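What follows is one structure encoded as structure tokens, with my remarks underneath.
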Amino acid sequence: MTLVSNDPMWWPLINSYRLFSYFLVASFAVVVYDWALIFGQELELIWRQRWSHMTILYLSVRYAGLPYAVAVVLVNLPSVSITNAVSNIMYFALNWMTLVITVILCCELPSCNTFMILT
4 MTLVSNDPMW WPLINSYRLF SYFLVASFAV VVYDWALIFG QELELIWRQR WSHMTILYLS
64 VRYAGLPYAV AVVLVNLPSV SITNAVSNIM YFALNWMTLV ITVILCCELP SCNTFMILT
């Protein structure tokens, strides 16, 4: 049974969750819209050219972001019910994907070398 509280103390928190969920959906829509707009150029300039390390790096960063965005939206929307097993899987996937993207994006930065040595 769901407990519904009508205590005014919770209203600011409920409002912030609602605004946050609007922001998540809007940002996900912008990411998908950008992907759809650029896909034609990407097909011509990336997929049909000779593959290099930069091509693989670009594609890994580009396409790791889409499932990451979907997972973030699903985890943070309060209206989407997720079982404990799926929640644990998404939690570990998000953490590992964050780590992998961080390492990919900053492997050449001097400040990141300290991060990579510590981990």
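So in the numbering used here the end of the sequence shown lands on 122, straight run, no missing numbers. Just so you know, even glycine gets a beta-carbon here, dropped at the ideal spot from N, CA and C. In this text the structure is predicted, and so the values were computed from the model without any measurement.
Please classify L107: does DSSP put it in a helix, a strand, or coil?
For the sequence presented, residue 107 should be read as Ile rather than Leu. Helix, per DSSP.
Looking at the secondary structure, which residues open and close the alpha helix (DSSP H) in which D37 lies?
14-45
With distances taken Cα to Cα, identify the nearest neighbour of A72 among M100, P11, V7, T58.
M100
Specify the secondary structure class of T101 as computed by DSSP and reduced to three states.
helix
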